[in-house]
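Read the structure below first, then the notes.
Residue numbers (the UniProt record's numbering): 1 to 597.
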């Protein structure tokens, strides 16, 4: 749309209104021809881009003071591509009752290029009959952008897109959305791009056959028990030692279940099948029948197994005849897994000490008959099967702070340095065992005294510390006047600054004693130094330099002769004065007046 505002002044009293014509660009536009003006006055058909007229805005002279006042604005909507260039014709009309179309007072034309912008472009017209100021601007309609108002962008947040619009009409996607129209959700980070998707930001929805938070895990075949899929769904690839369509047949029954008891050797014979090879004295499908109590080597850690042969040491299960006579004897063995299993009936007799008895109820089994063997444990072990290591350190055998280390069948004491022996109960004579010096660990000592668990060094003068290795600091507070102290054994030495001497640098040195001042200078002794007050004509630290009175020469003419304290000038003939600055005059008799002769 094109918007025009204006300010104007008229000389002649009129009922002023304005008429606007907007048309295609014409270079060098001039006021309308009479035919065109007449045509415009009737129907404005020559205004290709549109036309409009204001109501009466004022008299012959008025001003729209507020530039934001919209009552005098002329707005021309258009529904076509903005051409950028245009020609504007603005007519000031005098509206009278006899002429509804109005009489033309003044006409302004403008041809130029204007891009859409919020800024106003101000123009001024000074005509023969009137002068007025007006301004114009081009605005794109809502949701249209760029220099020709052809880019459409409408903010939205629905199924067709999720975006706002930039200043140039570009679509700026809302967080979580992407794509040219911002209608593609950004899935959860890491979501598989092939097997996962999302309809809302941050989600990861899996395709059929895939699972997991990121849809990167395939789904195994239904019912697959000990298997999985690899890279493809609906597979059932069996784990190690498993077989069958559903991987439910154990190919390593021995390794999975360990069915053979008492050390029997297991052999896989078929899926879910096995065979046990039993050690001597054992039998049964799982080697669960103990024919000889010590056959499975129940005693650990080199323990010795002794079988029980008394019938009171067996746990018996009885099978009664109708008359109550015991006809079968079978050992009841508790297996390693806590259950119990029965051996097969044996046709041979167990021992001649077993007697056949008659009874009407099962006998009570003694508590001591839980095992039908006894383990004699090797040193350091205990328990029914010698499985428990005896803690020899429980009695705290190590003395004098020794640390006990439990061993199999024994212990070891780690003793402090002051003690030795199996139990750390023998005192170490440190004064003899250490060869660092003649007195054992005592380095700068007169003697070493041994005590139980300790020792004492009697240090030489000037030394201290546990082993007399620390030199006593003899420097503390000794050297004065900034002297530097060097610590010695039972002594010290002070390096004194200039002007001081003595053991502790406490004596002031008289630097004037050597008469350093020359040429009659007076010496004044200072702390660590001296000062010379020189006689007139001499200078320097020791008054060794004399003032050069003839440099530069003070004599106007003649030769300058320097003395220790001054100078004099040897004047040439005809010149006199201290610096030969005067001419010598001659007079005769009374004319001299004592001046010369």
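Glycine included, every Cβ here is placed at the ideal spot set by N, Cα and C.
I'd like the span of the beta strand (DSSP E) that includes residue i, first residue to last.
{"i": "residue 46", "result": "Taken as a continuous stretch (DSSP letters only), residue 46 belongs to no beta strand (DSSP E), as it is neither H nor E."}
{"i": "residue 85", "result": "85 to 96"}
{"i": "residue 299", "result": "First-last for residue 299: undefined, no H or E at that position."}
{"i": "residue 162", "result": "161 to 165"}
{"i": "residue 529", "result": "529 to 533"}
{"i": "residue 562", "result": "559 to 562"}
{"i": "residue 446", "result": "445 to 451"}
{"i": "residue 526", "result": "522 to 526"}
{"i": "residue 245", "result": "Here residue 245 belongs to no beta strand (DSSP E), and DSSP marks it neither H nor E."}
{"i": "residue 76", "result": "74 to 76"}
{"i": "residue 123", "result": "121 to 126"}
{"i": "residue 172", "result": "171 to 173"}
{"i": "residue 240", "result": "Looking at the DSSP string, residue 240 is not in any beta strand (DSSP E), and its letter there is neither H nor E."}
{"i": "residue 130", "result": "130 to 138"}
Beta-carbon separation of residue i and residue j under 8 Å?
{"i": "residue 85", "j": "residue 25", "result": "yes"}
{"i": "residue 176", "j": "residue 202", "result": "yes"}
{"i": "residue 247", "j": "residue 239", "result": "yes"}
{"i": "residue 441", "j": "residue 467", "result": "yes"}
{"i": "residue 260", "j": "residue 287", "result": "yes"}
{"i": "residue 22", "j": "residue 49", "result": "yes"}
{"i": "residue 227", "j": "residue 214", "result": "no"}
{"i": "residue 283", "j": "residue 292", "result": "no"}
{"i": "residue 537", "j": "residue 547", "result": "yes"}
{"i": "residue 445", "j": "residue 424", "result": "no"}
{"i": "residue 450", "j": "residue 431", "result": "yes"}
{"i": "residue 295", "j": "residue 279", "result": "yes"}
{"i": "residue 73", "j": "residue 106", "result": "no"}
{"i": "residue 265", "j": "residue 241", "result": "no"}
{"i": "residue 285", "j": "residue 277", "result": "no"}
Please identify the residue among the options whose C-alpha is closest to the C-alpha of residue i.
{"i": "residue 398", "options": "207, 138, 447, 422", "result": "422"}
{"i": "residue 233", "options": "251, 210, 559, 135", "result": "210"}
{"i": "residue 179", "options": "166, 107, 161", "result": "161"}
{"i": "residue 194", "options": "518, 182, 217", "result": "217"}
{"i": "residue 555", "options": "582, 125, 129", "result": "582"}
{"i": "residue 374", "options": "407, 417, 303, 420", "result": "303"}
{"i": "residue 394", "options": "387, 386, 407, 385", "result": "407"}
{"i": "residue 127", "options": "91, 550, 379, 454", "result": "91"}
{"i": "residue 419", "options": "454, 263, 27, 437", "result": "454"}
{"i": "residue 88", "options": "75, 190, 478, 580", "result": "75"}
{"i": "residue 464", "options": "551, 512, 443", "result": "443"}
Between which two residues does the alpha helix (DSSP H) harbouring residue i extend?
{"i": "residue 257", "result": "253 to 257"}
{"i": "residue 404", "result": "Where residue 404 is concerned, there is no enclosing alpha helix (DSSP H), although the beta strand (DSSP E) it sits in stretches over 403 to 407."}
{"i": "residue 433", "result": "430 to 433"}
Quick check: what's the CA-CA separation for residue i versus residue j?
{"i": "residue 404", "j": "residue 383", "result": "23 Å"}
{"i": "residue 533", "j": "residue 471", "result": "50 Å"}
{"i": "residue 171", "j": "residue 150", "result": "14 Å"}
{"i": "residue 198", "j": "residue 187", "result": "6 Å"}
{"i": "residue 298", "j": "residue 412", "result": "30 Å"}
{"i": "residue 121", "j": "residue 114", "result": "9 Å"}
{"i": "residue 34", "j": "residue 104", "result": "Below a pLDDT of 50, predicted positions are generally treated as unreliable, and residue 34, at 43, falls in that range; the measurement from the model is reported next regardless. Taking the straight line from one Cα to the other gives about 11 Å."}
{"i": "residue 390", "j": "residue 439", "result": "45 Å"}
{"i": "residue 515", "j": "residue 526", "result": "14 Å"}
{"i": "residue 486", "j": "residue 461", "result": "17 Å"}
{"i": "residue 133", "j": "residue 17", "result": "14 Å"}
{"i": "residue 332", "j": "residue 222", "result": "Caution applies to residue 332, whose pLDDT of 33 falls short of 50 and renders its modelled position unreliable; the value that the coordinates give is listed next. When rounded, the distance between both Cα atoms is 45 Å."}
{"i": "residue 116", "j": "residue 80", "result": "14 Å"}
{"i": "residue 124", "j": "residue 158", "result": "49 Å"}
{"i": "residue 155", "j": "residue 142", "result": "11 Å"}
{"i": "residue 505", "j": "residue 469", "result": "29 Å"}
{"i": "residue 473", "j": "residue 517", "result": "43 Å"}
{"i": "residue 585", "j": "residue 575", "result": "9 Å"}
{"i": "residue 535", "j": "residue 566", "result": "12 Å"}
{"i": "residue 108", "j": "residue 152", "result": "34 Å"}
{"i": "residue 183", "j": "residue 163", "result": "9 Å"}
{"i": "residue 483", "j": "residue 495", "result": "6 Å"}
{"i": "residue 137", "j": "residue 173", "result": "31 Å"}
Pull up the DSSP beta-bridge partners for residue i, would you.
{"i": "residue 268", "result": "274"}
{"i": "residue 307", "result": "373"}
{"i": "residue 57", "result": "Paired residue(s): none; residue 57 is not in a bridge."}
{"i": "residue 189", "result": "In DSSP, residue 189 forms no bridge with anything."}
{"i": "residue 471", "result": "463"}
{"i": "residue 51", "result": "21"}
{"i": "residue 217", "result": "211"}
{"i": "residue 508", "result": "500"}
{"i": "residue 476", "result": "Partner(s): none; residue 476 has no beta bridge."}
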